[in-house]
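This report refers to the structure that appears directly beneath it.
In this note's numbering, the protein residues as written are 1368 to 1522.
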């Protein structure tokens, strides 16, 4: 099955959703190494959209889920990557809430900064891997997440 070029680049944009939600984990890293702020640049359209519209992130989630994932007229490649990006985003949001409730009250010590940076780098690695696979026209295989996506889309 070959994917068209527009489908590949549409999937790149979809993966900016989890990247935009992972950026708060890099606050300390961006302060220490300001040049790394450039890696946040591709997520700005999503961030602006989420900030301008009330409940923008929820609205964007619903649009992607109903408009892309549940729409059988949309090519499978886009549906697969959209649902995978949503699942990655949900895991990042849960991590963010966990940090806000359990970790950040401890303080901004070395362990908290290291853990935040590790999460940002892990998400960055997953996003870069997914983008490279999308450019090549392949489905990114992320353990557990890809399996859940395939089970959801095949039902």
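From the three backbone atoms N, C-alpha and C, an ideal C-beta is built for every residue, glycine too.
Query raised in the report: If we call anything under 8 Å between Cβ atoms a contact, is residue 1515 one with residue 1454?
Result: Less than 8 Å separates the beta-carbon of residue 1515 from that of residue 1454.
Report task. With residue 1423 as the anchor, note down where its alpha helix (DSSP H) starts and where it stops. Result -> It spans 1423-1431 - the alpha helix (DSSP H) in which residue 1423 sits, taken as one unbroken run.
**Report entry** Backbone secondary structure at residue 1374 - three-state DSSP
**Finding:** helix
**Report entry** Exposed unless 16 or more other CB atoms sit within 10 angstroms - verdict on residue 1448
**Finding:** buried
Report task. Look at residue 1490 and residue 1389 and say whether their C-beta atoms are less than 8 Å apart. Result -> yes
Query raised in the report: Does the stretch 1461-1478 come close enough to the stretch 1398-1418 to have 3 or more Cβ pairs within less than 8 Å?
Result: no
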